[in-house]
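These notes concern the structure reproduced below.
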């Protein structure tokens, strides 16, 4: 009974995800789904990304949180359109919520590169397709190098792993080799990047990835 | 339909939670449910707590993780019995899982103080009663001072908020006053503690709380 309902929920989600993909295709936009713990640095990553890509690619952001519009406001301060979704007690975004947010972007000049910042959570968001091009995991060094092994569900599915807060690395016992080895056991193909979103150190690989994705998509 | 199923799930959980409470009453044990993001420092808090209470109170730990027995092994190294629950893709512990773990502790010398370290997640674990005496939120300063407002569900319910990783405070922009104000808007009665689990700084309030709880319960 429980399994059947979950199946129905996932099927309904999949149908909205398909509609999102159609919508994105129509506007030649590409969408990434950022997933990480609360405080892993997803919004900071976006702020620096926007700074780097301003005037190069038009960006839009969909923010998911249980409550507050804090993150959408942080993004809007960077001069980029952002839509906040408040889930109440919901632990992840679903494709229908994202569909409504996508539809609310101005029709005249739709963003070419869309980021969804999911609810801070390493578990539930991994199971829901939002119609994105790729899932991106965001993991901060302050969380510890054991998190890849302890939350394999997400790390298996992502196309990119961004390890953040590298400026704090020397204050922690996070071992990059341990984390990398654990990640490669689960995921051999994904891009693995290490960044410090305050200084922008390590951003070149991430920005190159985004540009290539955007170019390939807008052809 | 979805709501009804959730109601059934929560009702079944409540019945197991009641059984857990009975079991705990029989052995005069008290159980706390630790909830926080992945990497918020729940296990480190427990390690230092065990160090401080060794020989004073007999402790037992139930560890929840999607995968690996890493945390249970960390606790066992401290000389304390620990049971690991692996949830697979489950985003929280339920009362039935905890019931089985409780039943596996040695009957002869049951622990007087039990900690459940829930799956790292600020959302879903808040909704499930495990039969615990109190929920304890664990929030690290590296996660940011906006997390209380963004994840109100949990912070409303807890009896204690432990802010961890205070040794890293000066390397972050975490503002204690902002976090405290946000917390007090949601929860006027809970105990609020700030600790550094490496040095043990700030632990006296936490240890006092645990001793008082244990004493009141074993009377």
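Protein chains in written order, with our numbering: chain G, 51 to 269; chain U, 51 to 269.
All C-beta atoms, glycine included, are put in the ideal place defined by N, C-alpha and C.
Residue i: contacting residues in chain G (beta-carbon distance under 9 Å)
i: residue 221 of chain U; result: 217, 218, 221
i: residue 128 of chain U; result: Neighbours of residue 128 of chain U on chain G: none; closest Cβ ~17 Å, over 9 Å.
i: residue 202 of chain U; result: 116, 117, 118
Residue environment, residue i, which counts as buried when at least 16 other CB atoms sit within 10 Å
i: residue 266 of chain G; result: exposed
i: residue 54 of chain U; result: exposed
i: residue 138 of chain G; result: exposed
i: residue 131 of chain U; result: buried
i: residue 156 of chain U; result: exposed
i: residue 197 of chain U; result: buried
i: residue 194 of chain U; result: buried
i: residue 258 of chain G; result: exposed
i: residue 51 of chain U; result: In this prediction, residue 51 of chain U has a pLDDT of 49, which is less than 50 and means its spatial position is unreliable; what the coordinates show is noted afterwards. Exposed, since its Cβ has fewer than 16 Cβ neighbours within 10 Å.
i: residue 121 of chain G; result: buried
i: residue 328 of chain G; result: An answer regarding residue 328 of chain G cannot be provided, because it is not within the stretch 51 to 269 covered by chain G.
i: residue 154 of chain G; result: exposed
i: residue 101 of chain G; result: exposed
i: residue 115 of chain G; result: buried
i: residue 251 of chain G; result: exposed
i: residue 158 of chain U; result: exposed
i: residue 76 of chain U; result: exposed
i: residue 249 of chain U; result: exposed
i: residue 211 of chain U; result: buried
i: residue 133 of chain G; result: buried
i: residue 98 of chain U; result: buried
i: residue 200 of chain U; result: buried
i: residue 204 of chain U; result: buried
i: residue 235 of chain U; result: exposed
i: residue 56 of chain G; result: exposed
i: residue 65 of chain G; result: exposed
i: residue 28 of chain U; result: Here chain U has residues from 51 to 269 only, and residue 28 of chain U is not among them.
i: residue 239 of chain G; result: exposed
i: residue 190 of chain G; result: buried
Within chain U, the residues that residue i reaches when beta carbons sit closer than 7 Å
i: residue 183 of chain G; result: Ordered by position in chain U, no residue passes the 7 Å Cβ test against residue 183 of chain G, which lies about 23 Å from the chain.
i: residue 5 of chain G; result: Nothing can be reported for residue 5 of chain G, as the shown portion of chain G is limited to 51 through 269.
Contact list for residue i against chain G, beta-carbon separation under 8 Å
i: residue 196 of chain U; result: 118, 120
i: residue 199 of chain U; result: 117, 118, 120
Interface partners of residue i on chain U, CB under 9 Å
i: residue 269 of chain G; result: Correct list: empty, because the minimum Cβ distance to chain U is about 37 Å.
i: residue 64 of chain G; result: Result: empty, since nearest Cβ-Cβ is about 16 Å, beyond 9 Å.
Chain-ordered neighbours of residue i on chain G, where CB pairs are closer than 7 Å
i: residue 193 of chain U; result: 88, 89
Neighbour flag for residue i against chain B, beta carbons, 7 Å
i: residue 174 of chain U; result: Absent here is chain B; the protein component of the structure consists of chains G and U.
The segment 143 to 152 of chain G in contact with the segment 57 to 70 of chain U per 3-pair CB rule at 8 Å
no
Taking only runs that begin and end inside the segment 117 to 190 of chain U, name each unbroken alpha helix (DSSP H) of 4 or more residues, in chain order.
120 to 127, 145 to 153
Whether or not the segment 108 to 119 of chain U and the segment 225 to 238 of chain U are in contact is what I'm after, with contact meaning three or more pairs of Cβ atoms, one per stretch, closer than 8 Å; do they touch?
no
When you check each C-beta in the segment 93 to 119 of chain G against every C-beta of chain U, which residues fall closer than 8 Å?
115, 116, 117, 118
Using 8 Å as the cut-off, can you tell me whether the segment 149 to 163 of chain G makes contact with the segment 96 to 108 of chain G, which would need three or more C-beta pairs spanning the two stretches below that distance?
yes
Inter-stretch contact at 8 Å, needing at least 3 Cβ pairs: the segment 245 to 253 of chain G / the segment 90 to 97 of chain G:
yes
Interfacial residues, the segment 158 to 190 of chain G to chain U, with Cβ spacing under 9 Å:
169, 170, 171, 172, 173, 174, 176, 177, 189, 190
Return the chain-ordered ranges of every beta strand (DSSP E) run that is complete within the segment 58 to 103 of chain G and spans a minimum of 3 residues.
80 to 86
With three or more beta-carbon pairs closer than 8 Å as the criterion, would you say the segment 171 to 189 of chain G touches the segment 171 to 184 of chain U?
yes
Members of the segment 135 to 159 of chain G that neighbour chain U once the beta carbon cut-off is set at 7 Å
139, 141
Any contact between the segment 117 to 137 of chain G and the segment 178 to 189 of chain G? By contact I mean 3 or more CB pairs, one from each, below 8 Å.
no
Complete beta strand (DSSP E) runs within the segment 215 to 249 of chain U (minimum length 3 residues, chain order):
241 to 244
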